[in-house]
Structure formats: structure tokens, C-alpha cells
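Have a look at the structure below, then the notes.
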Amino acid sequence: MKAELKRLTDRAAAEGLLDVAYATLDSPFGRILLAATPRGLVRVGLPNQDAGEVLGDLAERVSPRVLEAPARLDDARRQLDLYFRGELHEFDLPLDWQLTTGFREKVQHAIAEIPYGETRSYMQVAASAGNKRAVRAAGTACGSNPIPLVVPCHRVLRTGGSLGGYGGGLPMKEALLELEGFQ
Amino acid sequence: MTALPPFQALLDEHAADVMAVLRGAVGRGDAEDCFQETFLAALRAYPKLDDDRNLRGWLLTIAHRKAIDHHRANGRRPLPVAEPAELPAPGGEPELGDGVWELVGALPPKQRAAVALRYGSDLPHAEIAAALGCSPAAARRSLHEGMKKLRKELA
Numbered sequence: 001m002k003a004e005l006k007r008l009t010d011r012a013a014a015e016g017l018l019d020v021a022y023a024t025l026d027s028p029f030g031r032i033l034l035a036a037t038p039r040g041l042v043r044v045g046l047p048n049q050d051a052g053e054v055l056g057d058l059a060e061r062v063s064p065r066v067l068e069a070p071a072r073l074d075d076a077r078r079q080l081d082l083y084f085r086g087e088l089h090e091f092d093l094p095l096d097w098q099l100t101t102g103f104r105e106k107v108q109h110a111i112a113e114i115p116y117g118e119t120r121s122y123m124q125v126a127a128s129a130g131n132k133r134a135v136r137a138a139g140t141a142c143g144s145n146p147i148p149l150v151v152p153c154h155r156v157l158r159t160g161g162s163l164g165g166y167g168g169g170l171p172m173k174e175a176l177l178e179l180e181g182f183q
Numbered sequence: 184m185t186a187l188p189p190f191q192a193l194l195d196e197h198a199a200d201v202m203a204v205l206r207g208a209v210g211r212g213d214a215e216d217c218f219q220e221t222f223l224a225a226l227r228a229y230p231k232l233d234d235d236r237n238l239r240g241w242l243l244t245i246a247h248r249k250a251i252d253h254h255r256a257n258g259r260r261p262l263p264v265a266e267p268a269e270l271p272a273p274g275g276e277p278e279l280g281d282g283v284w285e286l287v288g289a290l291p292p293k294q295r296a297a298v299a300l301r302y303g304s305d306l307p308h309a310e311i312a313a314a315l316g317c318s319p320a321a322a323r324r325s326l327h328e329g330m331k332k333l334r335k336e337l338a
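Residue numbers (the numbering used here), protein chains in the order written: chain R, 1 to 183; chain L, 184 to 338.
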């Protein structure tokens, strides 16, 4: 049955019927879910997030044509693998921002520009997004980042350097920052 | 209406059944092609589906249509009949052995589908009726006729 299903996803993709392809990746933090549209990576589900819920949300908000198609995510999986080994500092992946809008999207674009090994405060990303007083909204935008890791919201801290929050849990945020060279 | 589940869930839950039905309906050799056609057609229609209460019946209906298309394209050429592996018990609901599916493949479309859905997929009469788009009584009749022919072939 495996070969038949592989053939089916290939044909679905060729006929433009594969709206959301997904795959999983075993990371040092647990299983990560990756989902892409033909435009690019649209969602990263962290290990503490329920994969079924993430897929259900994609079915509702993007398209119910959601299929497991690991080959479509080979590049993203390879880059994340290298990132977790400390061998990749900058992702080169097409992104699909359709799950975010407005000020949140601006904040997330600003976060995407934070270089490896650096951090910003919530206030700084709010300012980069065009409204330095919208600190709380910037925090919400970090929390609703659909593409964590690749859009590195773990690099956003409270003014003064305390961790703030993280969708994947604070131990993961701490470990990611450590991986990038913070003590 | 609730949101449609990710299509992958339909594959995970029903792909094996759809394949079993198609093997019964068109034979092992051609089941794979019909399987692809069935799920591609389902994928095409899926986002516009407005009733998600019986996704399994919906898929089996498409499979049934694809099997019929397949037989039409082949001029209803009967499938080569192999030696049956075992005989269905007289009366009651017989177990169908593997070789019997070759005989099932040679039945007329409605009977073939009814037998395949009953014994291949273990569907109750009401679901067979839904999949065939007929009344439960008509489904029962198709099943009965199909089984009668099979018994005759095997006698």
C-alpha cells in the first residue's frame, strides 16, 4: 500500500491537488511537524503541540487537501537537521505567510530578520514592525508565529534579558539560545 | 457543518477498504489504477463536499463508479476465472476465499459492487445502498442475485 500512496501523492502534486504537504522530523526536542503549500513552508508544529490539531487547523484555514508527502519537505527537513546540529545559521526556504496578517505579520517579518546568535527585545521588534509602543501586540505576534524555528521567535526576549514566553515551552527556548551560543 | 478533516485521515482510515473493494470489483491487476483514479477524483471534489457525515460511503461510491467506468472501457470483458479457493457455505453468509474474487469480478456491475462491499468491506446493507445510490431493498436484491450466481458457478 505504501507504493500506491506514494504514487497518489505524486500524482496529486502533479495535478495541483496537493494544497498542503506535511512531514515530520525527529529533532532533539521531539517530533516536529512541517507543512508546506506550493508557495512555501506554511507551518511548523513544535513537539509540545498536538499534530492532529495542527493538521486540523491547516485543513480548516488553508485547504482540506492535506496529505503526508515527505518528499515535498526534504529541503526544510535537511536544513532543520543541520540547524539542530549547529551547522546551519541561516535558513534558505520559501515561506508562505498566509496564516498571519496585519501587525502580527509585520512583527513576524521583523523577527525573520534577527540574525543567528543575536536577540531582540519585544519592544525592539515592535519598533521594527513600525510601532514601538505595541509591545504587548508584539508579544502576541511572537506567540502566534506559524513558522517557529525558521522564523526565530526564540530570539525575542524581554527587555532586560529574561526569557519571556515560547510556544514550544521555555526549556526549548533556553536550549535553542544555548545552541546559538548564549550562556 | 464541522470542518472537513485533513484528507490524509481519509487515506489512513479507508484506503485499505477501497483497495479491497476494487480488487473484488475489477480484479487485482487493475485495482491499482482504479484506486488512483478513485482518490484523485475524491481529492478534486473534497473541498466542495458539503456533507462529511459518511466519508467512507462517499469514497466507496466513487470507487464503485470508477470500477464501472473501468468495465465500460474494457467492454465488460469478463475477468479470467481462477479456481475458487473455497466454496461458500450453502445459505447464511459465506466467507469468500481469495479465488472467489475472480468470480466476483465477472458479475454484472451492481451485483459485483454489492458483493464486494458486503464481503470485501463488511458493510451493512444500508451503507451498501448508500454507496450504490439505491434503496436498501435494491442493494439486498443485488447482493442476493450476485451470491446466487456465485453459488451456481461454484456448485
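Even glycine gets a Cβ: it sits at the ideal position worked out from N, Cα and C.
If you're wondering where the values come from, they're calculated on a predicted model, not measured in any experiment.
Item to complete: At 8 Å on the CB atoms, spell out the chain R contacts of Pro188 of chain L, in chain order.
Response: Position 5 of the second sequence holds residue 188 of chain L. Going along chain R in sequence order, the residues near Pro188 of chain L (Cβ under 8 Å) are Gly56, Ala59 and Pro64.
Practice prompt. Compute the distance between the beta-carbons of Val201 of chain L and Ala246 of chain L, then report whether it is under 9 Å.
Written response: Here residue 201 of chain L refers to the residue found at position 18 of the second sequence. Here residue 246 of chain L refers to the residue found at position 63 of the second sequence. Yes, these two residues count as a Cβ contact at 9 Å.
Discussion item. So with CB distances below 9 Å, who are the chain L contacts of Met172 of chain R?
Written reply: On the first sequence, position 172 is the one that residue 172 of chain R refers to. Residues of chain L passing the Cβ test: none, with the nearest at roughly 25 Å.
Fill in: Rounded C-alpha distance that separates Leu93 of chain R from Gly40 of chain R
By one-based count along the first sequence, residue 93 of chain R stands at place 93. By one-based count along the first sequence, residue 40 of chain R stands at place 40. Cα to Cα, Leu93 of chain R sits roughly 7 Å from Gly40 of chain R.
Worksheet item: Candidates R:Arg11, R:Ala175 and R:Arg158: which alpha carbon is nearest Gly139 of chain R's?
Response: Counted from its first residue, the first sequence places residue 139 of chain R at position 139. It is R:Arg158.
Worksheet item: Just checking my contact of Arg43 of chain R with Ala35 of chain R at CB under 8 Å: how many whole Å lie between their CB atoms?
Response: Taking the first residue of the first sequence as 1, we reach residue 43 of chain R at position 43. Taking the first residue of the first sequence as 1, we reach residue 35 of chain R at position 35. Between Ala35 of chain R and Arg43 of chain R the Cβ distance is about 4 Å, and since that is below 8 Å, they are a contact.
Worksheet item: Between which two residues does the beta strand (DSSP E) containing Tyr83 of chain R stretch?
Response: One-based indexing of the first sequence puts residue 83 of chain R at position 83. Segment Asp74 to Phe84 is the alpha helix (DSSP H) holding Tyr83 of chain R; no beta strand (DSSP E) there.
Worksheet item: Val42 of chain R lies in the beta strand (DSSP E); which residues open and close that run?
Response: Along the first sequence, one-based indexing puts residue 42 of chain R at 42. Unbroken beta strand (DSSP E) run through Val42 of chain R: Gly40 to Gly45.
Worksheet entry | Nonlocal neighbours in the same chain, by C-beta distance under 8 Å from Arg104 of chain R, ignoring five residues either side | Taking the first sequence and counting its residues from 1, the one referred to as residue 104 of chain R is at position 104. Within the same chain, Arg104 of chain R has close Cβ partners Ala137, Thr140, Ala141 and Ser144.
Item to complete: Put Thr159 of chain R into one of helix, strand or coil per three-state DSSP.
Response: Residue mapping note: residue 159 of chain R aligns to position 159 of the first sequence, counting from 1. Three-state DSSP puts Thr159 of chain R in coil, outside helix and strand.
Practice prompt. Could you tell me which chain R residues have their CB closer than 9 Å to the CB of Met330 of chain L, listed as they occur along the chain?
Written response: Taking the second sequence and counting its residues from 1, one reaches residue 330 of chain L at position 147. Under the 9 Å cutoff, chain R gives no residues; its nearest Cβ is about 28 Å from Met330 of chain L.
Discussion item. Please list, in chain order, the residues of the region 221-251 of chain L that have any C-beta partner in chain R closer than 7 Å.
Written reply: For chain R, the residues of the region 221-251 of chain L that bring a beta carbon within less than 7 Å of one of its beta carbons are Phe222, Leu223, Leu226, Arg227, Tyr229 and Pro230, in chain order.
Worksheet item: Counting only runs that start and end within the region 93-140 of chain R, where is the alpha helix (DSSP H) found for 4 or more residues in a row?
Response: 102-112 and 122-128
Worksheet item: Name the chain R residues that come within less than 9 Å of Ala199 of chain L, Cβ to Cβ?
Response: If you number the second sequence from 1, residue 199 of chain L lands on position 16. For the C-beta of Ala199 of chain L, the chain R residues within less than 9 Å are, from N- to C-terminus, Met1.
Discussion item. DSSP three-state label for Tyr229 of chain L, please.
Written reply: Here the question's residue 229 of chain L lines up with position 46 in the second sequence. Helix.
Practice prompt. Going by DSSP, name the residue or residues bridged to Leu67 of chain R.
Written response: Mapped onto the first sequence, residue 67 of chain R falls at position 67. Answer by DSSP bridge pairing, in chain order: R:Ala21.
Discussion item. So, does the region 106-124 of chain R touch the region 60-72 of chain R, judging by three or more C-beta pairs under 8 Å?
Written reply: Segments in contact, no.
Fill in: Close beta carbons around Ala76 of chain R, own chain, < 6 Å, minus the five adjacent residues each side
Locating residue 76 of chain R in the first sequence gives position 76, counting from the first residue. Result list for Ala76 of chain R: Leu34, Leu41 and Leu93, in chain order.
Fill in: Within chain R, partners of Leu194 of chain L - CB distance below 7 Å
The sequence position of residue 194 of chain L within the second sequence is 11, counting from 1. Contact annotation for Leu194 of chain L against chain R: Leu5 [CB-CB distance below 7 Å, chain order].
Discussion item. Give me the DSSP bridge partner(s) of Arg245 of chain L.
Written reply: To locate residue 245 of chain L, count along the second sequence from 1; it is residue 62. Residue identity differs from the one stated: residue 245 of chain L is Ile in this sequence, not Arg. Note: Ile245 of chain L sits in no beta bridge, so no partner.
Worksheet item: Under a three-way DSSP split, which group does Leu33 of chain R fall into?
Response: Indexing the first sequence from 1 puts residue 33 of chain R at position 33. Reduced to three states, the DSSP call for Leu33 of chain R is strand.
Item to complete: Could you tell me whether the Cβ atoms of Leu46 of chain R and Pro148 of chain R are closer together than 9 Å?
Response: What you label residue 46 of chain R is simply residue 46 of the first sequence in a count that begins at 1. What you label residue 148 of chain R is simply residue 148 of the first sequence in a count that begins at 1. Leu46 of chain R is a Cβ neighbour of Pro148 of chain R, given a cutoff of 9 Å.
Item to complete: Note down, in chain order, every chain L residue with its Cβ under 9 Å from the Cβ of Leu8 of chain R.
Response: For this step, residue 8 of chain R is matched to residue 8 along the first sequence. Per Cβ cutoff of 9 Å: Leu194, Ala198, Phe218, Gln219, Phe222, Leu223 and Leu226.
Worksheet item: How is Asp235 of chain L classed by DSSP in three states: helix, strand or coil?
Response: Reading the second sequence from its first residue, position 52 is the one you call residue 235 of chain L. Asp235 of chain L carries a coil assignment under DSSP once its states are collapsed to helix, strand and coil.
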